[in-house]
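Novice: When you line the sequence shown up against this note's numbering, it's residues 528 to 905, in that order. Below is one structure. I have some questions about it.
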Amino acid sequence: MIKKRIYSPGPVDVSPLTLLEMAQPVMHHRTKEFEAIVAEVVEGLKYVFQTKGDVLIFASSGTGGMEGAISNTLNPGDKAICVRGGKFGERWAQLVSAFGGEPLNLDVEWGQAVDPQQIADALKADPSIRAVCVQASETSTGVAHPVKEIADIVKGYSDTLFIVDGITAVGVMDIPFDRWGLDILVGGSQKAWRLPPGLAFAAVSDKAWAAVEKCTQPRYYFDWAKEKKNLAKNTTAYTPAVSLMVGLAQVLREMREEGLESLFARSASYARAFREAMLALGLKLFAPDSPSDSITAVYGPEGMDAGAIVKHLSSKFGITIAGGQDHAKGKIFRVSHMGYLDALDMVTAVAALEMTLNDLGHQVELGAGVRAAQKALA
Ligand SMILES: Cc1ncc(COP(=O)(O)O)c(C=O)c1O
528 MIKKRIYSPG
538 PVDVSPLTLL
548 EMAQPVMHHR
558 TKEFEAIVAE
568 VVEGLKYVFQ
578 TKGDVLIFAS
588 SGTGGMEGAI
598 SNTLNPGDKA
608 ICVRGGKFGE
618 RWAQLVSAFG
628 GEPLNLDVEW
638 GQAVDPQQIA
648 DALKADPSIR
658 AVCVQASETS
668 TGVAHPVKEI
678 ADIVKGYSDT
688 LFIVDGITAV
698 GVMDIPFDRW
708 GLDILVGGSQ
718 KAWRLPPGLA
728 FAAVSDKAWA
738 AVEKCTQPRY
748 YFDWAKEKKN
758 LAKNTTAYTP
768 AVSLMVGLAQ
778 VLREMREEGL
788 ESLFARSASY
798 ARAFREAMLA
808 LGLKLFAPDS
818 PSDSITAVYG
828 PEGMDAGAIV
838 KHLSSKFGIT
848 IAGGQDHAKG
858 KIFRVSHMGY
868 LDALDMVTAV
878 AALEMTLNDL
888 GHQVELGAGV
898 RAAQKALA
């Protein structure tokens, strides 16, 4: 028998308690009982997004939240700076193009964070730019982009929105939406929320709502104004993902009980311990300078296909992690610090990696990484 463990940067593991909540008989969504769930979930989301404004909920994967962010705020022909430092940065540019906008691509080497000065310069040179789109955590590379610094710059432009993909950041890293003055922040259930895939969230500022009003773009399912009106009545425009919402209510109760400070500190400690372990094994981090706390990307040993590590972990140990994407394929592997996992899961991941490397012919001292992780966690 092999016990299955999922340490991929989404989907992540879901706790037995949340699974039990979601296993309850499906309730009808046009009932007082479900309205109470919506009300509870909206309040909980506001707590985690750190906003007094609106947080919208969609029955979609995270990309639905990203699509709505563009289709509700940018008019055809509008220019948007898209920070392309990985697979998901590219998605912003594709979405802007798909809705007739003009993406101004700010290409950043994979593994590096964007330099906020480049955004300041671009906006100064062309104040007609309507949006700046970035990832708080670029999952394909394990980089955390400097969200606060960029927010401070974009704030100076009254007609420019700061649109942030927080799909692997919200609930892991401290991104106070109101305090930092973000305009849109997107989240997704299968990441920090310790839920199965199927929900997208978006916090929306007053500045963004003003853009929504002026937006002439055709839209239907992802019509944010319609969704806002319905949420004000504790309901949703269309049939919601009822069971996921019930699970979300449970997760949010747990998050509130733990408190944001502890939640963020815990994720940071797992990420730190994992990085220390990789360095102790002589491996190189893909994003050493600005690492995300939700996922770590690591180069495989010289001459070894990193995809073989991913495969071996799965076949021999039942552990799912992720490989690299596009040109990072075969070069890196990626391990999550999100979901229903704790410090010992990180130690387990390191132990399995040590055994995997040895099995694949790259000799490392067994326990060296584990020791480094334990020391960092102590
Ligand atoms: C940073 C980031 N953005 C966007 C997405 C896309 O989300 P989804 O696959 O839920 O549509 C992901 C998924 O891995 C992600 O990590």
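Backbone N, C-alpha and C fix where the C-beta goes; we use that ideal spot for every residue, glycine too.
Please state whether DSSP places Arg898 in a helix, a strand or coil.
Specialist: Helix at Arg898.
Novice: Are the beta-carbon atoms of Phe801 and His854 separated by less than 8 Å?
Specialist: no
Novice: Taking 7 Å as the cut-off, is the C-beta of Gly683 nearer than that to any heavy atom in ligand 1?
Specialist: No, Cβ of Gly683 sits at least 7 Å from all heavy atoms of ligand 1.
Novice: Tell me where the alpha helix (DSSP H) around Pro643 begins and ends.
Specialist: Pro643 to Ala652
Novice: For Pro630, which residues does DSSP report across the bridge?
Specialist: Ala607
Novice: Ignoring anything shorter than 3 residues or poking outside the stretch 714–770, list the beta strand (DSSP E) runs there in chain order.
Specialist: Counting whole runs of 3 or more residues, the stretch 714–770 contains the beta strand (DSSP E) stretches 726–731.
Novice: How about Val897 and Ala878: do their beta carbons lie closer than 8 Å?
Specialist: yes
Novice: Can you tell me whether DSSP reads Phe791 as helix, strand or coil?
Specialist: helix
Novice: Hey, is Pro818 close to ligand 1, as in C-beta under 7 Å from one of its heavy atoms?
Specialist: no
Novice: Take the Cβ of Ala752 as the centre, count every other Cβ of all protein chains shown within 10 Å, and call the residue buried at 16 or more, exposed below.
Specialist: exposed
Novice: Tell me, to the nearest whole angstrom, how far the beta carbon of Ser598 is from that of Gln744; I am working on the premise that it is less than 8 Å.
Specialist: 5 Å
Novice: Report the option in Gly715, Ser664, Ile694 and Asp648 whose CA atom is closest to the CA atom of Gly683.
Specialist: For Gly683, the closest alpha carbon among the candidates Gly715, Ser664, Ile694 and Asp648 is that of Asp648.
Novice: Mind checking Asp692: buried by the 16 CB within 10 Å criterion, or exposed?
Specialist: Buried, because 16 or more other Cβ atoms sit within 10 Å of the Cβ of Asp692.
Novice: Mind listing, in chain order, the continuous beta strand (DSSP E) runs of no fewer than 3 residues lying wholly within the stretch 668–701?
Specialist: The qualifying runs are 688–692.
Novice: Within its chain, find whatever has a CB closer than 7 Å to the CB of Pro654; leave out the 5 residues flanking it on each side and keep chain order.
Specialist: Tyr684
Novice: Consider the C-beta atom of Met593 and the heavy atoms of ligand 1; say whether any pair is separated by less than 7 Å.
Specialist: The answer is yes for Met593.
Novice: Taking the C-alpha atoms as reference points, what is the distance between Lys573 and Ser716?
Specialist: Going from the Cα of Lys573 to the Cα of Ser716 covers about 15 Å.
Novice: By how many angstroms is the C-alpha of Leu709 removed from the C-alpha of Leu650?
Specialist: 16 Å
Novice: Spatial neighbours of Ser841 within its chain, please: CB distance less than 7 Å, with the 5 preceding and 5 following residues excluded, ordered by chain position.
Specialist: Thr847
Novice: Buried or exposed: where does Leu772 fall if 16 or more other Cβ atoms within 10 Å of its Cβ makes it buried?
Specialist: Rather than Leu, the amino acid found at residue 772 in this sequence is Met. Buried, since its Cβ has 16 or more Cβ neighbours within 10 Å.
Novice: Under 6 Å Cβ to Cβ from Pro603, same chain only, skipping five residues before and after it: list those, please.
Specialist: Gly627
Novice: Distance check for Gly774 and Gln901, CA to CA, integer angstroms please.
Specialist: Gln901 and Gly774: Cα-Cα distance of roughly 32 Å.
Novice: How far does the alpha helix (DSSP H) with Tyr574 in it reach, from first residue to last?
Specialist: Lys559 to Phe576
Novice: Go to Asp872, then tell me how far its alpha helix (DSSP H) extends in each direction, as first and last residue.
Specialist: That run of the alpha helix (DSSP H) goes Ala870 to Asp886.
Novice: At the level of alpha carbons, what is the spacing between Pro643 and Ile608?
Specialist: 12 Å
Novice: Would you mind stating whether Glu754 and Leu631 have Cβ atoms separated by less than 8 Å?
Specialist: no
Novice: Please report the distance separating the alpha-carbon of Gln662 from that of Val874.
Specialist: One C-alpha to the other measures close to 28 Å.
Novice: How many whole angstroms separate the CB atoms of Thr812 and Pro828, which I take to be in contact at a CB cut-off of 8 Å?
Specialist: For clarity, residue 812 is Leu in the given sequence; the question names Thr instead. Contact doesn't hold; Cβ gap of about 13 Å is too wide.
Novice: Hey, Ala824 and Gly669 are a contact pair by Cβ (cut 8 Å); roughly how many whole angstroms apart?
Specialist: 4 Å
Novice: With respect to the beta strand (DSSP E) encompassing Val623, which residues constitute its N-terminal and C-terminal limits?
Specialist: Careful: Val623 lies outside any beta strand (DSSP E), inside the alpha helix (DSSP H) at Lys614 to Ala625.
Novice: For Arg706, tell me which candidate among Val659, Ala903, Ala730 and Met549 has the shortest Cα-Cα distance.
Specialist: Nearest option by C-alpha distance: Ala730.
Novice: If you drop the 5 nearest sequence neighbours on each side, which residues of the same chain put their C-beta closer than 8 Å to that of His556?
Specialist: Thr762, Thr763, Thr766, Pro767 and Val769
Novice: Under 8 Å between the Cβ atoms of Leu633 and Gln645?
Specialist: yes
Novice: CA-CA distance, Pro543 and Gly888?
Specialist: Each residue's alpha carbon lies about 37 Å from the other.
Novice: Could you name the residues of the same chain whose beta carbon sits closer than 7 Å to that of Tyr797, not counting the 5 residues immediately before and after it, in chain order?
Specialist: His864, Ala870 and Met873
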